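>
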Amino acid sequence: MTKSQVIPRILVIQHEDGTGPGLVGEELTAAGLALHLVHPWDGDELPASLDGYAGLLVLGGAPNAEDEEAAPWLPAVRVLVREAVDSSAPLLGICLGGQIMAAALGGSVHVRSQGPEVGAVPLRRLPAADGDPVFGSVPEGAPAAQWHWDEIGALPPGAVPLLTGDDCPHQAFRIGPRAWGVQFHPEVLGDAIADWSLSDGPAVARAGGDPEAAVASVRGAEAELRAVWSRTARSWAGVVLGDGPGDRQDP
4 MTKSQVIPRI LVIQHEDGTG PGLVGEELTA AGLALHLVHP WDGDELPASL DGYAGLLVLG
64 GAPNAEDEEA APWLPAVRVL VREAVDSSAP LLGICLGGQI MAAALGGSVH VRSQGPEVGA
124 VPLRRLPAAD GDPVFGSVPE GAPAAQWHWD EIGALPPGAV PLLTGDDCPH QAFRIGPRAW
184 GVQFHPEVLG DAIADWSLSD GPAVARAGGD PEAAVASVRG AEAELRAVWS RTARSWAGVV
244 LGDGPGDRQD P
């Protein structure tokens, strides 16, 4: 089989049930990428390297980014994250995935003192978003679905902030030419947030949040969420496929 006939594979790390690639996965598949989902929480073994993969997608989940007791596979994820950055392999970290990137590369993650950020939250562009191959098209004030108790406290050295929010400053960043991390959930719509609310809603309420309002806000923003983050996922797929300005042309 020639190189042109090989379907590029993305290694997708899912940390728990109910947190799959969702909308992002749909767009990557539609772009011609194959997703290899690994479920370490269910006993799947993570590969030792990214050999044979065109990119790495690290999804969200409940564990803290450094809680190896709750998620004993985290050291292996950090190895893959560092390999991706060192080799300029395309990388996208979502929520916990973005936090793992930050912690693994010299930044920090902490529990939010103000309680969880949940629901559809407007984001603001930062100057470096202009011209970014993945987040350059995100409009000012675009809504993002949020559901997190922890947050990135400090970005890694050399990281470029791209998007911010009023209640959580580090919403999207780039490190190196082809690695991006986000604090929010571009992969989910209202049904996923409603499912998470069934299990996490009481804890959100005890922390002073309103889980029902969070679900309603995401449902109300679904059309814009789908439009903005589908486009962003397609842009990342373009980087993987070598179609965009962030691409690395392999020999």
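Residue numbering for the sequence shown follows my numbering, starting at 4 and increasing by one per position. The C-beta atom is built at its ideal place from N, Cα and C for all residues, glycine as well. Note that this is a predicted model, so its numbers are computed, not measured.
(1) Under 9 angstroms between the Cβ atoms of Pro-93 and Arg-181?
(2) Taking Ala-37 as the reference, which of Leu-59, Ile-103, Ala-79 has the closest Cα?
(3) Roughly how many angstroms separate the alpha carbons of Gln-252 and Leu-31, rounded to a whole number?
(4) For Pro-78, which of helix, strand or coil comes out of DSSP?
(5) Can you tell me which of Glu-154, Gly-110, Leu-158 puts its alpha carbon nearest to the alpha carbon of Leu-99?
(6) Evaluate contact between the stretch 166 to 184 and the stretch 197 to 215, counting only Cβ atoms and requiring at least three cross-stretch pairs below 8 angstroms.
(7) Let me check one thing: in DSSP terms, what residues is Ile-10 bridge-paired to?
(8) Indicate the three-state DSSP secondary structure (helix, strand or coil) for Gly-101 in the structure shown.
(9) For Leu-244, which residues of its own chain have a beta-carbon under 6 angstroms away from its beta-carbon, when the five flanking residues on both sides are left out?
(10) Does any heavy atom of the ligand ATP sit closer than 8 angstroms to the C-beta of Gly-58?
(11) Is Ile-10 buried or exposed, if buried means 16 or more other CB atoms sit within 10 Å of its CB?
(12) Please go through the same chain and pick out, in chain order, the residues whose beta-carbon is closer than 6 angstroms to the beta-carbon of Pro-160, but skip the five residues on each side of it.
(13) Can at least three beta-carbon pairs, one atom from the stretch 76 to 85 and one from the stretch 109 to 129, be found at a separation below 8 angstroms?
(14) Using C-beta distances below 8 angstroms, list every residue in its chain close to Glu-227, excluding the 5 sequence neighbours before and after it, in chain order.
(15) From the DSSP output, which residues share a beta bridge with Phe-176?
Inspection of the coordinates gives the following:
(1) Taking the first residue of the sequence shown as position 1, residue 93 is located at position 90. Taking the first residue of the sequence shown as position 1, residue 181 is located at position 178. For Pro-93 and Arg-181, yes; Cβs fall inside 9 angstroms.
(2) For this step, residue 37 is matched to residue 34 along the sequence shown. Answer by Cα proximity: Leu-59.
(3) Numbered from 1 along the sequence shown, position 249 holds the residue referred to as residue 252. Numbered from 1 along the sequence shown, position 28 holds the residue referred to as residue 31. Low confidence applies here, because Gln-252 scores a pLDDT of 33, under 50, leaving its location unreliable and the question unanswered by this model.
(4) In the sequence shown, residue 78 corresponds to position 75, counting from 1. Residue state for Pro-78 is assigned as helix, using DSSP reduced to three classes.
(5) Counted from its first residue, the sequence shown places residue 99 at position 96. Among Glu-154, Gly-110, Leu-158, the Cα nearest to that of Leu-99 is on Glu-154.
(6) The stretch 166 to 184 is not in contact with the stretch 197 to 215.
(7) Position 7 of the sequence shown, counted from the start, is the residue given in the question as residue 10. According to DSSP, Ile-10 bridges with nothing at all.
(8) Along the sequence shown, one-based indexing puts residue 101 at 98. In the three-state reduction of the DSSP assignment, Gly-101 falls in the helix class.
(9) Here residue 244 corresponds to residue number 241 of the sequence shown, with the count starting at 1. Excluding sequence neighbours, Leu-244 sits near nothing in its chain.
(10) With respect to the ligand ATP, the structure offers nothing, as it holds no ligand at all.
(11) As a position in the sequence shown, residue 10 is number 7, starting the count at 1. By the 16-neighbour rule on beta-carbons within 10 angstroms, Ile-10 is exposed.
(12) For the purposes of this step, residue 160 is taken as residue 157 along the sequence shown, with counting starting at 1. Only Gly-109 meet the Cβ criterion.
(13) The stretch 76 to 85 is not in contact with the stretch 109 to 129.
(14) Residue numbering aside, residue 227 sits at position 224 when the sequence shown is read from its first letter. Sequence-distant Cβ neighbours of Glu-227 in its own chain, meaning closer than 8 angstroms and more than five residues away, are Ala-145, Pro-146.
(15) As a working mapping, residue 176 is identified with position 173 in the sequence shown. Among the bridge pairs identified by DSSP, Phe-176 is matched with Pro-164, Gly-184.
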